[in-house]
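Just so we're aligned, residue 961 is where the first sequence starts under my numbering, counting upward by one.
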Amino acid sequence: MEPQKAQRGIIPQKIKGFRDIDPALNQLRAHIVEKASQVYARYGFEKWDTPVLEYADALGKYMPDTATVEEGVYSFQNPEAEPVLDSRGKEMSDHEDKVIMEHHHLALRYDLTAPLARVYAERLWMKHLRGQVSTANPPLFRRFQHGPVYRYEIDLDPGRFREFWQLDFDTVGSADVAADAEVCMVLSQALEAIGMPRETFQVKVNNRKVLKGLLRGLGVLDDSRERDILRVIDKLDKVGLEAVRQELGAGRVEKSGAPIAGLGLPEALVEAVGAFFVAFEQALPREQTLARLDELLPQEPVAREGLDELRRIHELLAAAGFDDSRARLDPTLVRGMAYYTGPIFEVESLLTVPGKKGQRRKVGAICGGGRYDSLVERLLGFKVPATGASIGVDRLAELLVLSGQARPKATGPALVVVFDEAMMPEYQKLAAEIRAAGLPAEVFYGAAKNLKKQFAYADERDCPVAVMLGEDELAKGVVTVKDLVKGRQSQDIQDKDQWRREVQFEVERAGLAEKLRQMLLR
RNA sequence: GCCCAGAUAGCUCAGUAGGUAGAGCAGUAGAUUGUGGUUCUAUUGGUCGGGGGUUCGAAUCCCUCUUUGGGCACCA
């Protein structure tokens, strides 16, 4: 596709769906990751990092036989040819006994869970071959991980990116419901540690077995049918019960005129499903939710098993001091992903964000997770139970900024003003003194050294203070400190000299660090 | 992939009986050659998203592509 009319240009620009992260956002992101990680670690999870690039086969589901980018994954062929291995890990040969070489398909990771499965399976591979591990004795593995993941989204909604961060924690190798209860505790505590007050979010728990059991009781036995129904129900809080009813039945027509095909379920089934969700429209205390589930759920074994698990989760949460305000049972929770097999989790933000036309916009889920059995199965051939959850770092950061919980502005260092280039050694010494006290300091290195520029730079960087040292100060053994924060606030003073007198003062060189410390800690 | 609405200066936008463009903010410079904010003055910025068509003439009308926003579908 050569441009025909003009020479192809080189335009400096980002790939669509990718972002530059400025210092302010980086600071916020680091805060989120650090606080949540501390909580994860306090529960015993250990931090792992894995490569962003993996063999496409290992990531699963996705098996490209062409070189095209499809299915939402960035992939390409390895420029390096490598041997093809058989299922026992041995190099395969052709009829001339030559090792078969291939350029394997590689893919950027699309989440952190698939690489987790690979790490876990890779560590067990030899034992697996020797038959020393099986579904009866999977080792316990608890790790947390954060970093960028990549998805080739065709349509980019606002707030959706092709590179974004996740912050996961998972327990692999335990089928104990206690591990699921713990997920709720970790999520709740992590968000509080990040600085979200308890009343601004809600941890919600449900169980896929409950939903499965409900549908079975109503005669839905087919898995793909079940998935279709769950997908519609997942939209409940978005479109409302009536719309869900219609979509389960004959379908409906969107306000915009777009028709939405219905599943065409029989009237009686739609009504039964609708009735169940009406019963849980209002948030109830966990005890009451359990009691009502007990009444409404059919005597299907799956349903009862799911209910027992929820009951157990409630017990354990209560024992650990997590009451209704910190985690709630929500039988209407579905979650989109198909691979969940047991308890599922979601954190909904209760903060609203001012929309374009002044209306309040709700932000969706900021965390999600659940139990999944089969992720490792594809790699090792037997089921390994696992449960965990993930914080959507970027979505949370955006939420904090938009809702006014965090200000998106990085604070700059103390700026050492350069009066006279000849005194540069003195400025370096001064900056070193400030840094030695553990405070950030920067000497001005810009091209134009007039003071106006230097202060404009300090203002732009949001520096809290500027430190000035000229011949006068040097002779007196002092430095002049300018309080830029106060200066920014004193907009009512119009007289230049008076304004200056208000915001700057001389300090003995020896007491400078202490004075700056006081100012920076405000 | 579908429906709707946009694309004009760095940003937010104005600009219809079709006659090659304006405002506010930002930027730059000065008042203030040892000073950011505030105030005042001057001033730089635009192939009006790309291409094609209608016309003597198009930011304005038509077609098309690209792109942005709002809905929907999809989301391992």
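Positions of the beta carbon are idealized from the N, C-alpha and C atoms, including for glycine.
### 7 Å Cβ shell around E1152 - same chain, five flanking residues per side excluded
Sequence index remark: in the first sequence, residue 1152 carries index 192 (1-based). These residues qualify, in order along the chain: R1158.
### Task
Keeping to the same chain, check which residues put their C-beta closer than 6 Å to that of L1196; ignore five residues upstream and five downstream.
Position 236 of the first sequence, counted from the start, is the residue given in the question as residue 1196. For L1196, where only same-chain residues beyond five positions count, the Cβ hits under 6 Å are V1204 and T1292.
### Query
In this structure, what does DSSP give as the bridge partners for T1131?
For the purposes of this step, residue 1131 is taken as residue 171 along the first sequence, with counting starting at 1. Paired residue(s): R1102 and T1347.
### Query
Which whole runs of the alpha helix (DSSP H) in the stretch 1181 to 1258 are 4 residues long or more, in chain order?
1183 to 1193, 1196 to 1199, 1201 to 1208, 1227 to 1239 and 1246 to 1256
### Query
What do you reckon, are the CB atoms on L1390 and L1472 nearer than 9 Å?
Within the first sequence, residue 1390 is the residue found at index 430, counting from 1. Within the first sequence, residue 1472 is the residue found at index 512, counting from 1. A contact, by the Cβ cut-off of 9 Å.
### D1140, buried or exposed, once every other Cβ within 10 Å from all chains shown has been counted against 16
Here residue 1140 is taken as the residue at index 180 of the first sequence, counted from 1. Buried, because 16 or more other Cβ atoms sit within 10 Å of the Cβ of D1140.
### Task
Let me know the secondary structure DSSP gives L1375 once reduced to three states.
By one-based count along the first sequence, residue 1375 stands at place 415. It is a strand residue.
### For N1410, three-class secondary structure by DSSP
Walking along the first sequence from the start, residue 1410 turns up at place 450. The answer is coil: DSSP assigns N1410 none of H, G, I, E or B.
### Contacts around L1127, its chain only, beta-carbon distance under 7 Å, and the 5 residues preceding and following it disregarded
For the purposes of this step, residue 1127 is taken as residue 167 along the first sequence, with counting starting at 1. So the list reads V993, A996, H1106, S1350, I1351 and V1353, once near-sequence residues are dropped.
#### Entry: Cβ contact check for the stretch 1135 to 1149 and the stretch 1293 to 1311: 3 or more pairs under 8 Å
yes
### Message
Tell me the DSSP secondary structure of V1336 in three-state form.
### Response
What you label residue 1336 is simply residue 376 of the first sequence in a count that begins at 1. Reduced to three states, the DSSP call for V1336 is coil.
### Message
Quick check: the Cα distance between V1029 and V1230, rounded to an integer number of angstroms?
### Response
As a position in the first sequence, residue 1029 is number 69, starting the count at 1. As a position in the first sequence, residue 1230 is number 270, starting the count at 1. The predicted model places V1029 with a pLDDT of 40, which falls under 50 and marks its position as unreliable; any figure quoted below should be read in that light. For V1029 and V1230, the distance between alpha carbons rounds to 39 Å.
### Query
Cα separation between W1085 and E1051?
Sequence index remark: in the first sequence, residue 1085 carries index 125 (1-based). Sequence index remark: in the first sequence, residue 1051 carries index 91 (1-based). Taking the straight line from one Cα to the other gives about 16 Å.
### Task
For C1327, name the three-state secondary structure that DSSP assigns.
Against the first sequence, residue 1327 aligns to sequence position 367. C1327 sits in a strand when the DSSP states are folded into three classes.
### Endpoints, the beta strand (DSSP E) within which I1304 is located
Locating residue 1304 in the first sequence gives position 344, counting from the first residue. Its beta strand (DSSP E) spans residues P1303 to S1309.
### Message
In chain order, what are the residue ranges of uninterrupted beta strand (DSSP E) at least 3 long that sit wholly in the stretch 1030 to 1059?
### Response
1035 to 1037
### Query
Which first and last residues belong to the beta strand (DSSP E) in which Y1070 is found?
Taking the first sequence and counting its residues from 1, the one referred to as residue 1070 is at position 110. Unbroken run through Y1070: none, as it is neither H nor E.
### Task
Would you check if the stretch 1167 to 1174 and the stretch 1259 to 1276 touch, i.e. whether three or more CB-CB distances between them fall below 8 Å?
yes
### Candidates V999, H1064 and Y1110: closest to V1012 by CA position
For the purposes of this step, residue 1012 is identified with residue 52 of the first sequence, where counting begins at 1. Selected option, being the one with the closest Cα: Y1110.
### Message
Per the DSSP calculation, F1161 is bridged to which residue(s)?
### Response
Here the question's residue 1161 lines up with position 201 in the first sequence. S1309.
### Message
Quick check: the Cα distance between H927 and A1041, rounded to an integer number of angstroms?
### Response
Look at the range of the chain in this structure, 961 to 1482, and you will see that residue 927 is not part of it.
### Cutoff 6 Å; reference I1326; Cβ partners in own chain excluding five residues on either side
To locate residue 1326, count along the first sequence from 1; it is residue 366. Around I1326: V1307, S1309, G1352, R1355 and L1356.
### Query
In whole angstroms, what is the alpha-carbon distance linking G1049 and E1082?
If you number the first sequence from 1, residue 1049 lands on position 89. If you number the first sequence from 1, residue 1082 lands on position 122. Using only the alpha carbons, I get a separation of about 12 Å.
### Query
In chain order, what residues of the same chain lie with their CB nearer than 6 Å to the CB of R1078, ignoring the 5 residues before and after it?
Here residue 1078 refers to the residue found at position 118 of the first sequence. These residues qualify, in order along the chain: A1018.
### Task
Can you have a look at A1067 and say buried or exposed, based on whether 16 or more other CB atoms are within 10 angstroms of its CB?
In the first sequence, residue 1067 corresponds to position 107, counting from 1. So A1067 ends up on the buried side.
### Query
Leaving out five residues before and five after R1176 in sequence, what residues of the same chain have Cβ atoms less than 8 Å from its Cβ?
Position 216 of the first sequence, counting from 1, holds the residue named residue 1176. P1258, E1260, V1262 and A1263, listed in sequence order.
### Candidates Q1242, P1226, G1179 and Y1332: closest to Y1201 by CA position
Taking the first sequence and counting its residues from 1, the one referred to as residue 1201 is at position 241. First, the amino acid is wrong: residue 1201 is Leu here, not Tyr. Minimum Cα distance to L1201 is reached at Q1242.
### Query
Is L986 helix, strand or coil by DSSP?
As a first step, residue 986 is located in the first sequence; it is residue number 26 there, counting from the start. It is Asn, not Leu, that sits at residue 986 in the sequence shown. Of the three classes helix, strand and coil, the one that applies to N986 here is helix, per DSSP.
### Query
Is the beta carbon of V1489 less than 9 Å from the beta carbon of L1481?
This structure cannot speak to residue 1489, because the chain is shown only from 961 to 1482.
### Message
With a threshold of 8 Å, are at least 3 pairs of Cβ atoms found where one atom belongs to the stretch 1400 to 1416 and the other to the stretch 1459 to 1467?
### Response
Counting C-beta pairs closer than 8 Å gives fewer than three between the stretch 1400 to 1416 and the stretch 1459 to 1467, which falls short of the contact rule.
### Cβ neighbour criterion (16 or more within 10 Å) applied to I1394
Here the question's residue 1394 lines up with position 434 in the first sequence. So I1394 ends up on the buried side.
#### Entry: From Y1015, Q1248 and G1296, residue whose alpha carbon lies closest to that of I1193
The count along the first sequence starts at 1 and reaches residue 1193 at position 233. Among Y1015, Q1248 and G1296, the Cα nearest to that of I1193 belongs to G1296.
### Query
So, using beta-carbon positions, are L1311 and F1124 closer together than 9 Å?
Position 351 of the first sequence, counting from 1, holds the residue named residue 1311. Position 164 of the first sequence, counting from 1, holds the residue named residue 1124. In this structure, L1311 lies away from F1124, with their beta-carbon atoms at least 9 Å apart.
### Message
Rounded to whole angstroms, what is the Cα-Cα separation between A1232 and D1188?
### Response
In the first sequence, counting from the first residue as 1, residue 1232 sits at position 272. In the first sequence, counting from the first residue as 1, residue 1188 sits at position 228. Straight-line Cα distance between these residues: approximately 16 Å.
### Message
Short of 6 Å in beta carbon distance, which residues of its chain neighbour A1274, apart from the five on each side in sequence? Order them along the chain.
### Response
Taking the first residue of the first sequence as position 1, residue 1274 is located at position 314. Residue identity differs from the one stated: residue 1274 is His in this sequence, not Ala. Same-chain partners within the cutoff: R1246.
### Task
Express the C-alpha separation of V1344 and G1091 in angstroms, rounding to a whole number.
Taking the first sequence and counting its residues from 1, the one referred to as residue 1091 is at position 131. Taking the first sequence and counting its residues from 1, the one referred to as residue 1344 is at position 384. Take the alpha-carbon of G1091 and the one of V1344: they are about 15 Å apart.
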